[in-house]
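J.:
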Amino acid sequence: MSSAPTGKHQVQAGWALARLLIGSDEPGEIAQQEGITFSGQAEDLVEILFPNLHPMMSHWDEF
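Take the sequence shown: its letter number 59 is residue 58 in numbering that gives the first Met the number 0, and every next letter is one higher.
1) Once the 5 residues before and after Arg18 are set aside, which same chain residues still bring their CB inside 8 Å of it?
2) Starting from Asp43, trace the alpha helix (DSSP H) both ways and give me its first and last residue.
3) DSSP has Leu5 in a bridge; who is on the other side?
4) Measuring only the C-alpha atoms, how far is Gly27 from Asp43?
5) Kindly give me the distance between the Cβ atoms of Ile47 and Ala15, rounded to whole angstroms, as I take these residues to be in contact under 8 Å.
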């Protein structure tokens with residue numbers, strides 16, 4: 000039995016999900032850098048749900 004979600008629109012991001020939540024960069028850029036995979040319309044939804052918030056982070060806090 001798998002513990003993976005079974006929905007139609009999935010984001011497989013692992014720890015990279017933190018970067019999406021923080022809004023450290025454009026979602027598409029984060030996905031490309033981190034190898035995030037999408038199914039269904041998840042890629043379109045990520046662009047809307049996790050916009051680049053231009054957070055003020057010190058150099059030591061960057062991913």
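In this text, a Cβ means the ideal position worked out from N, Cα and C, and glycines have one as well. Please read these numbers as outputs of a predicted model, since none were measured by experiment.
T.: Let's see:
1) Asp24, Ile29, Glu33, Phe62.
2) 41-48 is the extent of the alpha helix (DSSP H) around Asp43.
3) It should be pointed out that residue 5 corresponds to Thr in this sequence rather than to Leu. Within the DSSP secondary-structure output, Thr5 pairs in no beta bridge.
4) Distance between the alpha carbons of Gly27 and Asp43 is about 10 Å.
5) About 18 Å separates the two Cβ atoms, so there is no contact after all.
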